[in-house]
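Numbered per UniProt numbering, the sequence shown finishes at 232, counting up by one with no gaps. Each residue gets a CB set at the ideal place from its N, CA and C atoms; glycine is no exception.
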Amino acid sequence: MRNDFAPLEACPEVFDKYAKELGQNNVVFQDLLAWEEWAYDQLAKPVVGVIVTIPLTSKICHFRDTDARYTASKKFSPNVWFARQNLRNTCGTVALLHLLNNINEKVALSEGSILEQMRKKTLRASPAERGALIEKTDHIKDLHTTFESQGQSSVRMDDVDNMCHYITFVIVDGELYELDGTLKYPVNHGETAPKDLLNRVEEIVQGTLFALEPDNLNCAAIVASIKHGSEE
């Protein structure tokens, strides 16, 4: 089984298909066209999470290594499903699993699906144990391989170091978490109402992370919403 993966393209269609293969039936993914209210109004509701790509520049990495929000984030709800990323360039897969496993009460799962099996196996597991399970699960690695080649552009292995990194934002127990498998812990951004999710993520991504790199616009945001009344 190969371990030299290419990144996923930041494309809603790719995440839609990937999530369905994992076994969910009622989450829809959409591009966020802008960090503005008119763009939020166009999204299907309710919004339950956001997957964002960020450039891991030296400035952003230094900020996340030193800012108190990131270094003092060891305390988090036991209900947060968080896994370490062990395989290079699989941040898209880990971000998707972070999203789906933290909105589990809202997600309709196919019986016996890989996502259902993973939840049962990792309910009380540590982030390291969850990361190890992802690393050892050939089905997940096969799916990543399938979807890394889909999207609107092809990714060459010699380009991957220039790609952006996927992180996930979800609300668990009333608090907004930033989930990144390359960090040691989930990052708790404080109490957040579901209706304020997009505005809070905007503050963090645009107001903090991208304020460090104002000339770097290589960012995409994919919004996850629950699709009602059309479960298969």
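- Around the beta-carbon of Leu97, 16 or more other beta-carbon atoms lie within 10 Å, marking it buried.
- Ala211 has its alpha-carbon roughly 20 Å from the corresponding atom of Leu176.
- As the crow flies, the alpha-carbon of Leu32 is around 13 Å from that of Leu197.
- When DSSP assignments are scanned along the region 179-217, the uninterrupted stretches of beta strand (DSSP E) that are 3 or more residues long and fall wholly within it turn out to be 187-191.
- Secondary structure remark: continuous beta strand (DSSP E) runs of at least 3 residues inside the region 84-150: none found.
- In the DSSP assignment, Asp31 falls within the unbroken beta strand (DSSP E) covering Val27 to Asp31.
- In this structure, Leu100 is the residue among Pro127, Phe82, Leu100 and Glu111 with its C-alpha nearest to the C-alpha of Phe15.
- Out of Phe29, Cys61, Ala6 and Asp142, the CA that lies nearest to the CA of Asp180 is found in Cys61.
- Burial is judged here by how many other beta carbons sit within 10 angstroms of a residue's own beta carbon; Ala128 has fewer than 16 and is exposed.
- Where Val14 is concerned, the enclosing alpha helix (DSSP H) starts and stops at Pro12 to Leu22.
- Annotation for Ser225: no alpha helix (DSSP H) segment contains it, though the beta strand (DSSP E) segment containing it runs Ala221 to Ile226.
- The DSSP-derived three-state label of Thr66 is helix.
- With 16 or more other Cβ atoms from the protein chains shown falling within 10 Å of its own Cβ, Ala19 counts as buried.
- Sequence-distant partners of Ser113 (beyond 5 residues in either direction) whose C-beta falls short of 7 Å from its own C-beta, in its chain, are Leu22 and Gly23.
- Thr57: not part of any beta strand (DSSP E); DSSP gives it neither H nor E.
- Excluding five sequence positions before and after Arg200, the CB atoms of its chain that fall closer than 6 Å to its own CB belong to Leu176 and Thr192, given in chain order.
- In the DSSP annotation of this structure, the continuous segment of the beta strand (DSSP E) that includes Phe169 starts and ends at His165 to Val172.
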